[in-house]
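A quick write-up on the structure given underneath.
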Amino acid sequence: MNSIYDITVKDRKGNAVPLKGYANEVVLIVNTATKSPHTPQYEELEAIYEKHHPQGFAVLDFPSNQPTKSCPGTDEMIHQFCKETYNTEFPRFKKVKVNGADADKLYKYLTEKFPGEITEDFTKFLVNKIGKVVARYDASTPISEIDAKIKEML
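Going by the UniProt record's numbering, the letters in the sequence shown line up with residues 1 to 154, in that order.
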């Protein structure tokens, strides 16, 4: 694979979504969880999405029970929680595995480019306009730091 554009994922309803649909956009890919100490980051993620989306930026939300088993419920329940609690508008995809042999192919690709197991919810990968992974951030990285990098790339 040369970029994330070679990968197709599933939306929360199970429909195939080719990531090439995000060509020419800066993308932040996040493994999320609804019962994590980091769950309030949804609010900050929505704020940067609203701020930069008109200029060609997307946040892609991949709920996961890895690494912490902090994402119970169905894909629809997760979506409703995020809409009702944080009023999120960015795309949310089907729950995935982010580690191990059964990891989703997107996460295999991301961790090939920036090696290491995903050890916490809300790990973020920043992807440039040509689909290349340019940075990996752990959950403790301030959103303001990521926001500055996004501004540079738009």
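We put the beta carbon where it would ideally sit given N, CA and C, even for glycine.
For the 8 Å CB-CB criterion, Cys82 and Tyr42 form a contact. Inside the stretch 89–140, DSSP marks whole alpha helix (DSSP H) runs of 4 or more residues at positions 105–113, from first to last along the chain.
CA-to-CA, the gap between Lys124 and Asn15 works out to about 23 Å.
Using a Cβ distance threshold of 8 Å, Glu117 and Ala139 do not count as a contacting pair. When rounded, the separation of the alpha-carbon atoms in His53 and Pro67 is 29 Å.
For Asp61, the uninterrupted beta strand (DSSP E) run begins and ends at Phe57 to Pro63, by DSSP.
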